[in-house]
Structures are given as structure tokens and as C-alpha cells.
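Numbering (my numbering), first residue to last: 4 to 94.
In C-alpha cells, the structure reads:
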């Protein structure tokens, strides 16, 4: 099982008590996110929709690669970084 760092945007850092990162583990990105939800259950509410998928405005990057268009959850290696960003839109 690989150890990775989950980085959260400023808006979600309050869920971690003001911290910007959380240490997670898993074989792949989805397992690491499940580990984060186990550690901090409120994260699931903020990141996932009713079906359990990431909300449309939530972007997930694995080592700077957007995972939205990847068919399978990317495998993790020790030291990898998972970054959550919130898409901004408007007019």
C-alpha cells in the first residue's frame, strides 16, 4: 500500500482544522480518497455527489495529471501527491 499526500484547496482546509494536507494510503487514487473519507468523513460530503462520484466542479489531480479523463484509477507510489481543486466558472 502506497503513502501519498492529499492537498486540499483553501476552502476545504477548515475541514482539516486549518491544515492544507492529509496523509493517505491506498493502491490507487480512489482507495486513497476512501482513506481520506474514513479519516475525515466530512470530506465525502464536500467532494462527492449523491452517487458517490466526485462533484462536477471538483477536480482531482494525481501528480499534476487530471484524473477526470482517465479510465482506471491511477496506481499510487510512495510520495505521490493527490491535489483537489475546485473549478471556477461564472459569467
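Cβ atoms here follow ideal geometry from the backbone N, Cα and C, with glycine treated the same way.
Contact fails between the stretch 26-35 and the stretch 49-59, because fewer than three Cβ pairs, one in each stretch, are under 8 Å apart. Between the alpha carbons of residue 70 and residue 31 lies a distance of about 11 Å. For the 8 Å CB-CB criterion, residue 57 and residue 7 do not form a contact. The C-alpha of residue 39 is placed about 7 Å away from the C-alpha of residue 46. The C-beta distance from residue 89 to residue 60 rounds to 6 Å, short enough to fall under 8 Å. An exposed status is given to residue 74, since fewer than 16 other beta-carbon atoms sit within 10 Å of its beta-carbon.
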